[in-house]
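Engineer: For the sequence shown, counting from 1, position 105 maps to 116 in our numbering; every step adds exactly one.
I am attaching a structure below and will ask some questions about it afterwards.
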Amino acid sequence: MLVDLHTHTNASDGTLSPDELLSRSREARIDLLSITDHDTVEAYNRIDVAGGSLPHVVAGVEFSSEWRGIGVQVLGLNIDTSSDAIRCATVAQRSARISRAERIAERLERAGVKNALAGTLAVADGGAPGRRHFACYLVEAGIVKDPGQAFKKLLGAGKAGDVKHQWASLEQIIEWIRGGGGTAVLAHPGKYGLTRSKRLRLFDEFQRLGGQGIEVISGRQDPALTQALAAGAAAAGLLAACGSDFHQPGQPWARLGMPLRLPAECRPVWDAW
Ligand code: MN
Ligand code: MN
12 MLVDLHTHTN
22 ASDGTLSPDE
32 LLSRSREARI
42 DLLSITDHDT
52 VEAYNRIDVA
62 GGSLPHVVAG
72 VEFSSEWRGI
82 GVQVLGLNID
92 TSSDAIRCAT
102 VAQRSARISR
112 AERIAERLER
122 AGVKNALAGT
132 LAVADGGAPG
142 RRHFACYLVE
152 AGIVKDPGQA
162 FKKLLGAGKA
172 GDVKHQWASL
182 EQIIEWIRGG
192 GGTAVLAHPG
202 KYGLTRSKRL
212 RLFDEFQRLG
222 GQGIEVISGR
232 QDPALTQALA
242 AGAAAAGLLA
252 ACGSDFHQPG
262 QPWARLGMPL
272 RLPAECRPVW
282 DAW
């Protein structure tokens with residue numbers, strides 16, 4: 012069975028529309044799919060997943076959060092997108108993005124950039140504004156040549172527009188996901204730059220806060236890491252998930268439909284659905 016429980020569409024930072032993602036998933040012969048855009052379930056308003064056709068789609072989302080000052084992400088899988096808890100969560104996460112955008116804009120204006128907020132909101136076109144939208148606006152306004160230069164001069168670490176996010180706590184995110192009937196899964200634990208012992212501490216804390224699983228495989232990854240994460244999940248009593256973290260075609264390390272085989276000792280999240 013081919014399973015991919017972590018993908019993005021152009022409802023967040025992917026390039027494909029939800030419909031294009033579904034038809035490519037069909038071509039790739041994926042059996043079980045979740046679209047997990049950042050802090051939004053908008054993709055599910057644009058597709059019709061009823062009926063028995065493959066892939067079978069479970070609704071999902073990828074929430075940004077924070078643990079001991081480190082940005083971590085949590086997948087909400089098999090959620091009810093119309094539940095009060097998920098609605099509440101997406102509204103709160105969106106307003107966190109907007110208030111950050113306001114602070115970035117204020118600081119850019121002080122650095123001489125005019126119309127930064129309105130210009131960037133126009134670029135984001137109703138979506139949640141982020142630094143890449145600011146970068147586009149800065150290019151559009153003729154202030155920099157390309158997005159790379161925007162980050163180098165104005166948006167990157169230590170620059171005027173470098174404003175930290177203030178996300179909901181891990182505890183709050185897990186509560187929202189479970190309140191929406193979903194399974195809370197810590198996304199790509201290998202990507203936070205944690206030492207092995209700190210990672211295990213995160214697993215334990217995640218489990219104590221009500222988290223149910225971890226993403227044992229995220230795209231192309233070192234088999235040694237897969238084994239370590241599988242062992243860590245088992246030790247903490249957590250279920251296992253796998254996903255490509257697909258954003259766009261042409262990235263072989265995050266290819267839609269790539270084989271993602273969980274080690275035999277894992278208990279897959281989907282067994283309980
Ligand atoms: Mn992520
Ligand atoms: Mn992702």
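Positions of the beta carbon are idealized from the N, C-alpha and C atoms, including for glycine.
In chain order, what residues of the same chain have a beta carbon less than 7 angstroms from the beta carbon of V52, not counting five sequence neighbours either side?
Structural biologist: The sequence position of residue 52 within the sequence shown is 41, counting from 1. Around V52: A70, V72, T92, I97, T101.
Engineer: Go through the residues and name those whose CB comes closer than 6 angstroms to any heavy atom of ligand 2, in chain order.
Structural biologist: Qualifying residues, in the order they occur: H17, H19, E73, D256.
Engineer: Hey, is A198 close to ligand 1, as in C-beta under 8 angstroms from one of its heavy atoms?
Structural biologist: Against the sequence shown, residue 198 aligns to sequence position 187. True, at least one ligand heavy atom lies under 8 angstroms from that Cβ.
Engineer: Please find out if some non-hydrogen atom of ligand 1 comes closer than 8 angstroms to the beta-carbon of Q183.
Structural biologist: Residue numbering aside, residue 183 sits at position 172 when the sequence shown is read from its first letter. False, no ligand heavy atom lies under 8 angstroms from that Cβ.
Engineer: With respect to 8 angstroms, is the separation between the Cβ of K232 and the closest non-hydrogen atom of ligand 1 below this value?
Structural biologist: To locate residue 232, count along the sequence shown from 1; it is residue 221. Residue identity differs from the one stated: residue 232 is Gln in this sequence, not Lys. No, the Cβ of Q232 stays beyond 8 angstroms of every heavy atom of ligand 1.
Engineer: Please state the DSSP three-state secondary structure of C277.
Structural biologist: For the purposes of this step, residue 277 is taken as residue 266 along the sequence shown, with counting starting at 1. In this structure, C277 counts as coil in the three-state DSSP scheme.
Engineer: Under DSSP, the beta strand (DSSP E) around T18 begins and ends at which residues?
Structural biologist: If you number the sequence shown from 1, residue 18 lands on position 7. Residues 14–18.
Engineer: Taking contact to mean 3 or more Cβ pairs, one atom from each stretch, closer than 8 angstroms, check whether the stretch 77–89 and the stretch 199–206 are in contact.
Structural biologist: The stretch 77–89 vs the stretch 199–206: in contact.
Engineer: What residues match up with L88 in a beta bridge as DSSP calls it?
Structural biologist: The count along the sequence shown starts at 1 and reaches residue 88 at position 77. L88 pairs with G71, T194.
Engineer: Just verifying my parser: in three-state terms, what is the DSSP assignment at L43?
Structural biologist: For the purposes of this step, residue 43 is identified with residue 32 of the sequence shown, where counting begins at 1. In the structure shown, L43 sits in a strand (DSSP, three-state: E or B).
Engineer: So, at 6 angstroms on beta carbons, what are the nonlocal neighbours of L250 in its own chain, with the 5 sequence-adjacent residues on each side left out?
Structural biologist: Here the question's residue 250 lines up with position 239 in the sequence shown. Excluding sequence neighbours, L250 sits near Q223, G224, R278, V280.
Engineer: Would you kindly check if the distance between the Cβ of P158 and the Cβ of A146 is under 9 angstroms?
Structural biologist: Sequence index remark: in the sequence shown, residue 146 carries index 135 (1-based). Sequence index remark: in the sequence shown, residue 158 carries index 147 (1-based). Yes. Within cutoff.
Engineer: Distance check for A133 and R230, CA to CA, integer angstroms please.
Structural biologist: For the purposes of this step, residue 230 is taken as residue 219 along the sequence shown, with counting starting at 1. For the purposes of this step, residue 133 is taken as residue 122 along the sequence shown, with counting starting at 1. The displayed chain sequence assigns Gly, not Arg, to residue 230. Distance between the alpha carbons of G230 and A133 is about 33 angstroms.
Engineer: With respect to the alpha helix (DSSP H) encompassing I115, which residues constitute its N-terminal and C-terminal limits?
Structural biologist: Walking along the sequence shown from the start, residue 115 turns up at place 104. Here the alpha helix (DSSP H) through I115 covers 95–121.
Engineer: Evaluate contact between the stretch 36–48 and the stretch 167–182, counting only Cβ atoms and requiring at least three cross-stretch pairs below 8 angstroms.
Structural biologist: No, the stretch 36–48 is not in contact with the stretch 167–182.
Engineer: Would you say C299 and W178 are within 9 angstroms of each other, going by their C-beta atoms?
Structural biologist: The structure shown does not extend to residue 299, since the chain spans only 12 to 284, so no value can be given for it.
Engineer: Which runs of the beta strand (DSSP E), 3 residues or longer, sit entirely within the stretch 171–255?
Structural biologist: The stretch 171–255 contains these whole beta strand (DSSP E) runs: 194–197, 224–229, 250–254.
Engineer: When the Cα atoms are used, what is the spatial distance from C253 to D59?
Structural biologist: Here residue 253 refers to the residue found at position 242 of the sequence shown. Here residue 59 refers to the residue found at position 48 of the sequence shown. C-alpha separation (whole angstroms): 24 angstroms.
Engineer: Nearest to N56 by CA position, among A22, A107, V174, is which residue?
Structural biologist: Position 45 of the sequence shown, counted from the first residue, corresponds to residue 56. Per the Cα distances, A22.
Engineer: Which class does H258 belong to by DSSP, given the choice of helix, strand or coil?
Structural biologist: The residue labelled residue 258 in the question sits at position 247 within the sequence shown. If DSSP states are grouped into helix, strand and coil, H258 belongs with coil.
Engineer: Report yes if the C-beta distance between W264 and T194 is below 9 angstroms; otherwise report no.
Structural biologist: One-based indexing of the sequence shown puts residue 264 at position 253. One-based indexing of the sequence shown puts residue 194 at position 183. In this structure, T194 does not lie closer than 9 angstroms to W264 by Cβ.
Engineer: So does Q259 have its beta carbon nearer than 8 angstroms to some heavy atom of ligand 1?
Structural biologist: Here residue 259 refers to the residue found at position 248 of the sequence shown. No; taking the cut-off as 8 angstroms, the Cβ of Q259 has no heavy atom of ligand 1 nearer than that.
Engineer: To the nearest angstrom, how far is the alpha carbon of N126 from that of T20?
Structural biologist: Position 115 of the sequence shown holds residue 126. Position 9 of the sequence shown holds residue 20. N126 and T20: Cα-Cα distance of roughly 29 angstroms.
Engineer: Determine the extent of the alpha helix (DSSP H) in which A161 is found, giving its start and end residues.
Structural biologist: Here residue 161 refers to the residue found at position 150 of the sequence shown. Note, A161: alpha helix (DSSP H), 158–161.
Engineer: So, are the CB atoms of L267 and S36 less than 9 angstroms apart?
Structural biologist: Residue 267 sits at position 256 when you count from the first residue of the sequence shown. Residue 36 sits at position 25 when you count from the first residue of the sequence shown. Taking 9 angstroms as the Cβ cut-off, L267 and S36 qualify as a contacting pair.
Engineer: Let me know the secondary structure DSSP gives A76 once reduced to three states.
Structural biologist: Your numbering for residue 76 matches position 65 in the sequence shown. For the sequence presented, residue 76 should be read as Ser rather than Ala. Strand.
Engineer: Could you check if S64 is buried or exposed, using at least 16 other CB atoms within 10 Å of its CB as the buried criterion?
Structural biologist: Here residue 64 corresponds to residue number 53 of the sequence shown, with the count starting at 1. Under this definition S64 is an exposed residue.
Engineer: Can the beta-carbon of D50 be found closer than 9 angstroms to that of A139?
Structural biologist: As a first step, residue 50 is located in the sequence shown; it is residue number 39 there, counting from the start. As a first step, residue 139 is located in the sequence shown; it is residue number 128 there, counting from the start. Against a cut-off of 9 angstroms, the Cβ pair of A139 and D50 comes out as a contact.
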